[in-house]
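Basically the working numbering = 1-based index in the sequence shown + 9. For reference, the structure discussed in these notes is given below.
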Amino acid sequence: MHQFATQHTTGSTHEGSPGRLLVVDDLVANRQILRGLLQRYGYEIAEAEDGETALEMIEETDYDTVLLDIMMPKMDGYEVCHRLKSNGKTEHIPVLLITALSDRDSRLKGMHAGADEFLSKPFDSKYLPIRIQNAVRAKRLHDQVEENYYKLKASEELRDGLVHMIVHDLRSPLFGIHGNLELHQVDHGPVPNENEDFVGAALRETKRMIGMVNALLDIHRLENQQMPINATTCDLREVVDEAVASLGANLARDQVRIEIEEEDMGCHADREILVRIFNNLLNNAAKFSKPGEPIDVHIGRVSEDAVLIEILDNGPGIPLGEEQAVFEKFGQASEVKGGAQPSSGLGLNFCKLAVEAHGGRIGVDNRMDGGSRFWFILPILAESF
Ligand SMILES: Nc1ncnc2c1ncn2[C@@H]1O[C@H](COP(=O)(O)OP(=O)(O)O)[C@@H](O)[C@H]1O
Ligand SMILES: [Mg+2]
10 MHQFATQHTT GSTHEGSPGR LLVVDDLVAN RQILRGLLQR YGYEIAEAED
60 GETALEMIEE TDYDTVLLDI MMPKMDGYEV CHRLKSNGKT EHIPVLLITA
110 LSDRDSRLKG MHAGADEFLS KPFDSKYLPI RIQNAVRAKR LHDQVEENYY
160 KLKASEELRD GLVHMIVHDL RSPLFGIHGN LELHQVDHGP VPNENEDFVG
210 AALRETKRMI GMVNALLDIH RLENQQMPIN ATTCDLREVV DEAVASLGAN
260 LARDQVRIEI EEEDMGCHAD REILVRIFNN LLNNAAKFSK PGEPIDVHIG
310 RVSEDAVLIE ILDNGPGIPL GEEQAVFEKF GQASEVKGGA QPSSGLGLNF
360 CKLAVEAHGG RIGVDNRMDG GSRFWFILPI LAESF
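Have a look at this one:
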């Protein structure tokens, strides 16, 4: 079994409190003035009497804003600010520099140190709370974005871990079941009544599951650039023929009409992967069409070095606005159109990743007279790969 990633929490949003402030000033009288001005707004206010203590406190506690005096013995406000702003863990905490000096030079120095705002003494009792409110709001927004980012990352890791588990841990037992069912069939011969062919039915379902597990594995590899692509020049007619043949009973050979602009039209791709792209698109076209309805494959040059392949069906088409979503992992159109047909939403995601791994593009639109038109573009020559 594989370990899933543990959830990361920033623990930075202390709900209920309008903000946690740190007032840094060497003079107790100054700290008291600020406390007096701000306490009525409900802030949690902590105090530090020098720069070093402030840095230690900030390491321990997540403050929403730091109010920082400039003139302090030992480490001055510029230095404290500079240290906070050059540390990835604290750079996002708003720093409001307090100064009696309103001269240009000290502000400039403060800006260089990375200060977010300046507050000049004596304090304006109306202006100060607004400045602080804005700084706290900016910090909280940052925290929220960061928290959402970690949540998203954690759920992505969880999902990847799950895929990894499915792919690696389920494959061998599945192959074991499949092999044993096949052996059983060989030993016992065909069942006279098809309705009682329970082993045959189990075998079919096992094959379907193996197909899904393999699709997940391929998608995982393509996403992580781990899929080996052995590109050669492929004859497109041969590839389509092979894909049609591989679909067996799902698609009648004469149902597919192939139109190729130039004979011997080829492209530069991994042949096996290309067959599977066609296999998926043709299978969908057949699955979403009425039985026996024609499916057209058009192949033509779109430029000097690229070929355009279109697969046109007469099915229900893709609901408007969902042309991108169907290519996403597990993506399915909102209206269920495959009837009772099994569906995983992995096929088109595989096609998209595989086409893109070849430097190509894929898309879908609806035909004027109904049905969908899936298309993809691939390079013709090795150089453009
Ligand atoms: N030719 C088509 N006509 C209409 N809808 C289609 C067609 N091909 C794909 N779709 C829609 O796209 C979804 C995703 O297709 P796909 O990734 O191949 O997964 P699956 O075939 O397992 O459902 C399908 O469930 C269906 O909603
Ligand atoms: Mg499909």
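The C-beta atom is built at its ideal place from N, Cα and C for all residues, glycine as well.
Unbroken beta strand (DSSP E) stretches of 3 residues or longer found wholly inside the segment 121 to 155: 126 to 129, given in chain order.
In this structure, glycine 25 lies away from glycine 60, with their beta-carbon atoms at least 9 Å apart. Proximity to ligand 2 was defined by a C-beta distance below 6 Å to any of its heavy atoms, and the residues meeting it, in sequence along the chain, are Asn289, Asn292, Asn293, Gly356. Residues of the same chain with a CB within less than 8 Å of the CB of arginine 262, apart from the 5 flanking positions on each side, are Val253, Ala254 in chain order. With distances taken between CA atoms, serine 181 lies nearest to Thr215 out of Glu203, Thr215, Val249. Assigned with DSSP and collapsed to three states, leucine 357 falls in helix. Here the segment 141 to 149 makes no contact with the segment 186 to 201; the two share fewer than three CB pairs at distances below 8 Å. For alanine 252, the uninterrupted alpha helix (DSSP H) run begins and ends at 245 to 255, by DSSP.
Judged by pairs of C-beta atoms under 8 Å, the segment 132 to 144 does not touch the segment 179 to 196, as fewer than three such pairs exist.
Secondary-structure assignment with DSSP links alanine 211 through no beta bridge to anything. Pairwise C-beta distances place the segment 50 to 59 out of contact with the segment 99 to 106, as fewer than three of them are shorter than 8 Å.
Not a single heavy atom of ligand 1 lies less than 8 Å from the C-beta of alanine 55. In the three-state DSSP reduction, leucine 390 falls in the coil class, being neither helix nor strand. In the displayed model, asparagine 157 falls within a helix according to three-state DSSP.
Between ligand 1 and asparagine 96, a heavy atom-to-CB distance of less than 8 Å is absent.
At a cut-off of 8 Å, the beta-carbon of alanine 278 does not count as near ligand 1: no heavy atom of the ligand is closer than that. In the DSSP secondary-structure assignment, asparagine 375 is bridged to Ser381. Taking C-beta separations shorter than 6 Å and ignoring five residues to either side along the sequence, the partners of phenylalanine 383 in its chain run Leu290, Ile320, Val373, following chain order. Using a Cβ distance threshold of 9 Å, valine 316 and cysteine 360 do not count as a contacting pair. Taking C-beta separations shorter than 7 Å and ignoring five residues to either side along the sequence, the partners of alanine 278 in its chain run Ala240, Cys243, His367, Leu387, following chain order.
Histidine 367 sits in coil when the DSSP states are folded into three classes, being neither helix nor strand. Boundaries of the alpha helix (DSSP H) harbouring glycine 86: 86 to 94, taken from the DSSP string.
Following the DSSP letters along the chain, one finds alanine 278 inside the beta strand (DSSP E) bounded by residues 275 to 279. Annotated three-state conformation of glycine 97 is coil, per DSSP. Comparing alpha-carbon positions, the option among Ile238, Met66, Tyr159, Gly301 lying closest to arginine 266 turns out to be Gly301.
Serine 164 counts as exposed, since fewer than 16 other C-beta atoms from the protein chains shown sit within 10 angstroms of its C-beta.
Apart from the 5 residues on each side of it in sequence, lysine 83 sits with its Cβ closer than 8 Å to the Cβ of Asp59, Gly60, Glu61 in its chain, given in chain order. Counted as a single uninterrupted DSSP element, the alpha helix (DSSP H) harbouring threonine 62 occupies residues 60 to 69.
For valine 145, the CB stays at least 8 Å from every heavy atom of ligand 1.
Boundaries of the beta strand (DSSP E) around leucine 321: 315 to 321.
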